[in-house]
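Right, one structure below, let's go through it.
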Amino acid sequence: MLIHPGNASPEFAAHMARYPGLRLARPDDSQRLSDFFNTTAMSAGQLSIGFVRGSDFFALLALQAERYAALVCEENGMIVGVGALSMRHAFVRGKLTPVGYLQDLRLSPQSKTKTRQSLYACFTEFVRLSPQWDDFNRCSLFLTAILDENTPARAALSRASFPLEYSRLASYKAHLWPKLPGLEKLLPVKTNVETGHEEKLLHFYKETLGTLAFDLTLDDVSRLLPRAVPVTIEKEGQGIAAACLLVNTDEERRLRVRYNPVGRSLETSGTYLTAVRVGRSVAAELKDGVMKDLLAKALKTSLRMKGSFTGIIEMQDGPVPFPFLAAQSHYTVSGSLYRVFHPEHTQLADFSAGFLRPAHKASFEWIFS
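Laid out in structure tokens, this is it:
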């Protein structure tokens, strides 16, 4: 659900009114937001990476989260900045908890310093005050992901005008594998889930989700399924042993990459592996083998889908089980997942006790990147 001026709580609306030139996005802003977003990019060392939205700016947010909003900066009637807020329920210390995600922060290089400071201050106060509002289910736990070599973002977050605190939870690598162009036309694949198999799949995920911090929920899987191709490994008489979802987000987001030293650029779409899980009943000594079989089957299946690459996020505590495949990535970028909090919140039980139990690894899925 989009939180906008027509349905925001009086408290959230009053908060936004404090920042001249900054407002909540309206549904009819979608095309203008996409046009602005598609002309900006993130810096990652020698790579410039942009996520190109379709005409519906909010479509990806709707796929990602239960509730979401966009903050819009304007100067002389022109959009010069945007930042998105989203909330979904995720597992924190084994319990479903509202978790916010701060994303899509983009500012025009030509924007005024006052405008930038206004957006930073609004983000900061939102994190501080959100636990008092119903708009995002009184969310007090926030995450964000930053490419390690995105120096402008890292510099912006360290400024005195943006005094949120960041604690790194985990590092990750995003891998892309190229696909042969046109192959999807020769080998079409069904995108709908067969009746009966969906019930088996949801039962499998019900049994396997929740063991990771910030893990996906059944609601997340249900949101993704209409757009996903499930891939499963089944053992005779034992049901599903492992599963993942292949999601193509071409309609919501494409990838634009520019390699600065040689000026080479590409804009393309791809298929993302997400919700990769091995069943709890699989013996520990067999898990790596089952995971290899699942990823091999998923990559083969992805060749028949739209797009020219297959992507997966590799967490530091859950590496791709066959390194030679990682070495064949079209390209790899590294990033970090952070928890974000206002200094006043350091005494909240959720923060003082820590996000993670020792046995809980952080989960970060492609669809939420």
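In the working numbering, the protein residues as written are 19 to 387.
Glycine included, each C-beta is placed from N, C-alpha and C at the ideal position.
Excluding sequence positions up to five before and after proline 45, its CB lies within less than 7 Å of the CB of Leu20 and His22, all in the same chain and listed in chain order. Within its own chain, the residues whose Cβ lies closer than 8 Å to the Cβ of isoleucine 251, once the five positions on either side in sequence are excluded, are Ile258, Ala259, Ala260, Ala261, Val308, Asp311, Leu312 and Lys315, listed in chain order. Taken in chain order, the complete alpha helix (DSSP H) segments of 4 or more residues contained in the region 209-281 are 215-226 and 236-242. With respect to the 8 Å criterion, serine 48 and phenylalanine 75 are classified as neighbours on the basis of their beta carbons.
Bounds of the alpha helix (DSSP H) holding aspartate 53 are 48-55. Around the C-beta of glutamine 121, 16 or more other C-beta atoms lie within 10 Å, and the residue is accordingly described as buried.
In this structure, DSSP gives alanine 43 a state outside helix and strand, which the three-state scheme calls coil.
A buried status is given to asparagine 266, since no fewer than 16 other beta-carbon atoms sit within 10 Å of its beta-carbon.
The alpha carbon of glycine 99 has as its nearest neighbour, out of Glu84, Arg111 and Ser136, the alpha carbon of Ser136. For serine 352, same chain residues with a beta-carbon under 6 Å away, outside a window of 5 residues either side, are Asp166 and Lys191 in chain order. Distance from the CA atom of valine 145 to the CA atom of leucine 159, rounded to whole angstroms, is 8 Å. With a beta-carbon spacing of about 6 Å, leucine 79 and alanine 102 fall inside the 8 Å limit used to define contacts.
The continuous alpha helix (DSSP H) containing glutamine 82 extends over residues 77-82. By alpha-carbon distance to arginine 41, the top candidate from Phe55, Gly24 and Ser52 is Gly24. Pairing leucine 51 with alanine 77, the inter-Cα distance amounts to about 12 Å. Close CB contacts of glutamate 362 within its chain, under the 7 Å cut and outside five residues either way in sequence, are with Arg146 (chain order). Taking the Cα positions, arginine 295 is about 31 Å away from leucine 123. Here phenylalanine 30 has Trp151 and Asp153 as same chain residues with Cβ atoms under 6 Å from its own Cβ, once five neighbours each way along the sequence are excluded. Proximity to threonine 229 across Tyr37, Ala108 and Glu93 peaks at Ala108, based on C-alpha coordinates. Comparing alpha-carbon positions, the option among Ala293, Thr289, Lys253 and Leu89 lying closest to aspartate 237 turns out to be Ala293.
For the options Phe382, Ser299 and Gly288, the alpha carbon positioned closest to that of arginine 322 is the one of Gly288. Secondary structure of glycine 72 (DSSP, three-state): coil. In this structure serine 185 is exposed. Its beta-carbon is surrounded by fewer than 16 other beta-carbon atoms within 10 angstroms. For leucine 220, same chain residues with a beta-carbon under 8 Å away, outside a window of 5 residues either side, are Leu236, Val239 and Ser240 in chain order. In the DSSP annotation of this structure, histidine 378 is not part of any beta strand (DSSP E), being labelled neither H nor E.
With a 10 Å radius around the Cβ and a threshold of 16 neighbouring Cβ atoms, glycine 329 comes out buried. The beta carbons of leucine 161 and leucine 355 sit closer together than 8 Å. Beyond the five residues adjoining it in sequence on each side, phenylalanine 382 comes within less than 8 Å, by CB distance, of Ala163, Ala188, Tyr190, Phe232, Ile331, Met333 and Leu355 in the same chain, given in chain order.
Of the other Cβ atoms in all chains shown, 16 or more fall within 10 Å of the Cβ of proline 116; this residue is therefore buried. From the listed residues Glu225, Leu291 and Pro38, the smallest Cα separation to asparagine 94 is found for Pro38. Cysteine 157 sits close to methionine 105, with the two beta carbons spaced by under 8 Å.
Taking leucine 242 as reference, the option from Leu291, Glu303 and Lys253 with the minimal CA-CA separation is Leu291. According to DSSP, arginine 186 shares a beta bridge with Tyr356. Note: phenylalanine 109 is bridge-paired with Leu114 in the DSSP secondary-structure output. The beta carbons of proline 196 and phenylalanine 55 sit no closer together than 8 Å.
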